[in-house]
Amino acid sequence: MSSHPDPSPDPSTAAGPGAVRRLSGRMSGRVRSLFETGGPGFRDLALTQVASTAADTLVAVGLAGTLFFGVPSTEARANVALYLLLTVAPFAVIGPLLGRVLDRAPAATRASLVIAAVGRAVLAVLLLGRLDSLWLFPAAFGLLVLSRVHGITRNALLPLALDRPTDLVAANARLAGIGVAAGAIAAPLGILATVVAGPGGALALSAFTALAAATIGRRLPEPDAPSRRSAPGSVVSRPERIRLHLPRRVRTAQIATAVVRLLNGFLLLLLAFAFREAGAGAFDFGAVLAAAGGGFAVAAMTTPRLERRLREEPMVVAALAVEAAAAFSAGQWFGLPAAAGLAFAAGFAWGTAKLSFDGLLQSAVPAARRGAAFTRSETVFSLAWVLGAIVPTALPLPVGLGLPLAGFAALAAQIVYVSVLLAPDDTDRRASGR
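Here is the structure:
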């Protein structure tokens, strides 16, 4: 018998620390590739997305009990209605103003992103200890506005942050997936901070992450930098600046995507009040929100693969079809599992439609008009969400009626959109001289 030890590794040892190191190495490699694919500009933009999404999530956690679960049902409807009105109001004035600023001074895009992040940090600190005061709704108003400013400026900067701005749908999907992951990590941290220090704990964390977004945002490229480098001393041509009308395929995709967003707002508030009236608590509503986030995350993973085989318009059609089928199905077997499935499908539909539309807009609109175009589209989507949400808030619709209505609306929008896509584009044909 040999006295030398057996050189073969112990299976339990090989499957222990070594396996953990290999798994962590693969995971860290995937995370690095997710952030670094597209160059350093995309990495910085992705990091601002992480910090901004975390800030939004922490604010939502801090305000959830104050606005919805901590008050009687009638007062909750009034609070939600007021919150929705505050969501609509800023875009009537700030939307056109921001678009005009970004159109005339493209360099203000990066500055707007940074200022919006700093403003969100200030408002979150302002709310500390004042959730029961008159500061609540004005501060919530400001947080909503500045969050939308971040989304608009981020979308306008994305093509410039990429080394090769060709796979815009895939880049949008990566940003969306990164945002979902950031929200999923921030939510439990916000809940823990709320348990330990009350709603102010989540708001304090939100202020910190918003400042991080501002710091990273300062490293992003300026929108007018490429044109200055390519043509020193040149000026931006006037014809590009005065191009006001979007191509028809972009306009129709925008309307169809707005319908998806409208149905999302309708379904979310319909489910929320249905659960409230059934005596369900924050856990059930949280499960529905988690399912919606999961659907959006799956859309972020599948949309780039679909984009390799399909154009953007069929993906928007598919989003409407998914939403219609889910609404009809949930109406037959309503309960927490059906509601979670519906929320998942609605999140998937919104993610697919939004990411497809963003890629279409970024590829079809020149850089000098991109900020204004995104401002207008985000305004349309925000108004659509609020219009959809205000219906079940103002009218206590039974779920058995609301879900079939949503299904028929999605089906009708799908039929109309496909009909428009199949019709000849006389406007674009005249513009091309044919």
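Using our numbering, read the sequence shown as starting at 5 and increasing by one per residue.
Every residue, glycine too, gets a C-beta built ideally from N, C-alpha and C.
Note that the structure is a prediction, hence the values are computed from the model and not measured.
Please tell me whether residue i and residue j are closer than 8 Å, where the distance is taken between their beta carbons.
i	j	result
Leu266	Ala388	yes
Ala217	Ala353	no
Gly187	Ala197	no
Gly411	Ala357	no
Val320	Ser381	no
Arg124	Ala59	yes
Leu409	Ala343	no
Leu346	Ala329	no
Ala368	Val264	no
Leu296	Ala350	Here residue 296 turns out to be Ala, not Leu, going by the sequence shown. In contact: Ala296 and Ala350 (Cβ atoms closer than 8 Å).
Ala190	Thr61	yes
Gly269	Glu316	no
Arg114	Leu224	yes
Ala112	Pro308	no
Val122	Ala211	no
Leu147	Val199	no
Ala185	His154	no
Ala175	Leu161	no
I need the DSSP call for residue i, collapsed to helix, strand or coil.
i	result
Phe348	helix
Ala435	With a pLDDT of only 43 at Ala435, under 50, the local geometry of the prediction cannot be trusted, and the value read off the model is given with reservation. Three-state result, Ala435: helix.
Gly363	helix
Val369	coil
Pro44	helix
Leu310	helix
Arg242	Unreliable positioning characterises Arg242 in this predicted model, as indicated by a pLDDT of 39, which lies under 50. A coordinate reading is not provided.
Glu382	helix
Gly339	coil
Leu399	coil
Arg374	helix
Leu51	helix
Leu224	coil
Trp354	helix
What do you get for residue i, buried or exposed, if any count of 16 or more other CB atoms within 10 angstroms of its CB means buried?
i	result
Ser151	buried
Pro236	Low confidence applies to Pro236: its pLDDT is 39, below 50, so where it sits in the model is not reliable enough to give any reading.
Ser423	exposed
Gln336	exposed
Glu244	Because Glu244 sits at a pLDDT of 42, beneath the cut-off of 50, its placement in the model cannot be relied upon, and the following sentence gives the value as read from the coordinates. Glu244 comes out exposed.
Arg313	exposed
Pro163	buried
Leu66	According to the sequence displayed, residue 66 carries Gly and not Leu. Counting Cβ neighbours within 10 Å, Gly66 comes out buried, since at least 16 surround it.
Pro44	exposed
Ala398	exposed
Pro370	exposed
Gly355	buried
Arg374	buried
Leu127	buried
Glu281	exposed
Ile419	exposed
Gly133	exposed
Pro428	exposed
Pro402	exposed
Pro400	exposed
Leu310	buried
For the alpha helix (DSSP H) that contains residue i, what are its first and last residues?
i	result
Gly155	140 to 165
Leu271	252 to 281
Arg178	172 to 201
Leu409	403 to 426
Phe332	316 to 336
Gly123	112 to 131
Using CA coordinates, which residue listed in the options is at the minimum distance from residue i?
i	options	result
Ala180	Leu340, Leu405, Thr57, Val384	Thr57
Pro318	Ala214, Ala143, Leu209, Tyr421	Tyr421
Gly439	Leu271, Ala304, Thr306	Since the first and last residues shown for the chain are 5 and 438, residue 439 lies out of range.
Ile220	Ala398, Ala414, Ala50	Ala50
Leu426	Leu340, Arg252, Gly298	Arg252
Gly290	Pro428, Gly133, Pro192, Val199	Pro192
Val395	Ala304, Ala413, Leu273	Leu273
Ala260	Ala174, Thr383, Ala323, Leu131	Ala323
Phe348	Phe300, Thr306, Gly404, Gly339	Phe300
Ala414	Thr306, Leu117, Ala325, Gly202	Ala325
Gln258	Ala214, Ile119, Leu209, Phe378	Phe378
Arg222	Gly406, Leu405, Thr52	Thr52
Ala294	Ala165, Glu327, Leu340, Leu250	Leu340
Thr256	Leu365, Thr306, Leu310	Leu365
Leu140	Ala165, Leu166, Leu215, Leu207	Leu207
Val149	Val173, Ser116, Met305	Ser116
Met305	Ile182, Thr213, Val292, Leu166	Ile182
Any heavy atom of the ligand HEM within a distance shorter than 7 Å of the CB on residue i?
i	result
Ala160	The ligand HEM is absent from the structure shown, which contains no ligand whatsoever.
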